[in-house]
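Quick note, in the working numbering, the sequence shown goes up one by one and the last residue is 197. A quick write-up on the structure given underneath.
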Amino acid sequence: MMDHSIINPYMDGRTLHQIFASLLFIPYVWYIYALFTFKTYKALNSKLFFIMPIAFFLIAVSLFSGVFLLAMRHFVMDFKISAMIFVFLCFAIGEGVRLKKIKFARTSEERFARYVKGCRIMYICFLLLYIIMMGIAEGMS
């Protein structure tokens with residue numbers, strides 16, 4: 057007879073983690089759309105700051121549910137978990153760097169154009185990294 061008292065919270069947490077992780081592509085697609093279709097820098101800046109809390113919320117939920125799941129596994133790591141941690145760090149550090157760069161980019165049009173180009177590259181890379189990670193997660197389930 058199997059003890060379901062530990063399995064059910066783990067599976068519930070895993071389901072929650074999968075739901076929020078599967079939604080994580082939405083802000084990045086939205087960022088890419090905004091970066092390629094903006095009319096003015098002011099409008100772009102407001103769109104980016106509108107999307108930002110959604111991205112941070114999904115990253116935070118992924119972090120906290122991932123730490124919960126890792127604790128439920130007694131911090132036993134495998135390749136898939138290491139890859140998820142790497143992707144999380146890329147997303148979190150990338151967003152932090154973007155926020156730091158926007159302070160200087162707003163001072164001139166030339167800097168903002170470079171900022172937009174950098175953001176386009178970063179978010180396309182994030183989307184590709186996300187797709188690769190989802191493939192790894194599905195392939196190793």
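Beta carbons are placed, not taken as given, at the ideal position from N, Cα and C, and that holds for glycine.
Own chain, CB closer than 7 Å to residue i, minus 5 neighbours either side, in chain order
i	result
A77	S118
F160	R167
L114	F76, L79, L80, P83
Extent of the continuous alpha helix (DSSP H) run through residue i
i	result
R162	Taken as a continuous stretch (DSSP letters only), R162 belongs to no alpha helix (DSSP H), as it is neither H nor E.
L79	From DSSP, L79 is part of no alpha helix (DSSP H); its letter is neither H nor E.
M128	97-128
Alpha carbon of residue i to alpha carbon of residue j, nearest angstrom
i	j	result
Y179	F120	23 Å
T71	E165	45 Å
I137	G191	13 Å
F198	A139	A query on residue 198 cannot be resolved here, the shown segment of the chain reaching from 57 to 197 and no further.
P65	K157	41 Å
H73	E194	14 Å
I141	L100	30 Å
R170	G152	17 Å
F81	I75	11 Å
K173	T163	16 Å
L208	V132	Nothing about residue 208 can be reported from this structure: the residues present for the chain run from 57 to 197 only.
Y97	G122	36 Å
G69	P109	23 Å
F135	S102	38 Å
M67	I149	29 Å
Cβ distance (whole Å) where residue i is taken to contact residue j below 8 Å
i	j	result
P83	A111	4 Å
F147	F182	6 Å
Spatial neighbours of residue i in its chain, beta-carbon cut-off 8 Å, leaving aside the 5 residues before and after
i	result
I107	P83, W86, Y87, A90
V143	L185, Y186, M189
R176	I88, L91, F92
Residue-level contact to chain D via CB, residue i, 9 Å cutoff
i	result
I88	This model lacks chain D altogether; it includes just one protein chain.
Cβ neighbours of residue i in the same chain (closer than 6 Å, five flanking residues each side left out)
i	result
M57	Any reading at M57 must be qualified, since the residue scores a pLDDT of 45, below 50, and its modelled position is unreliable; the value itself is stated next. Once the five neighbours on either side are set aside, M57 has no close Cβ partner at all.
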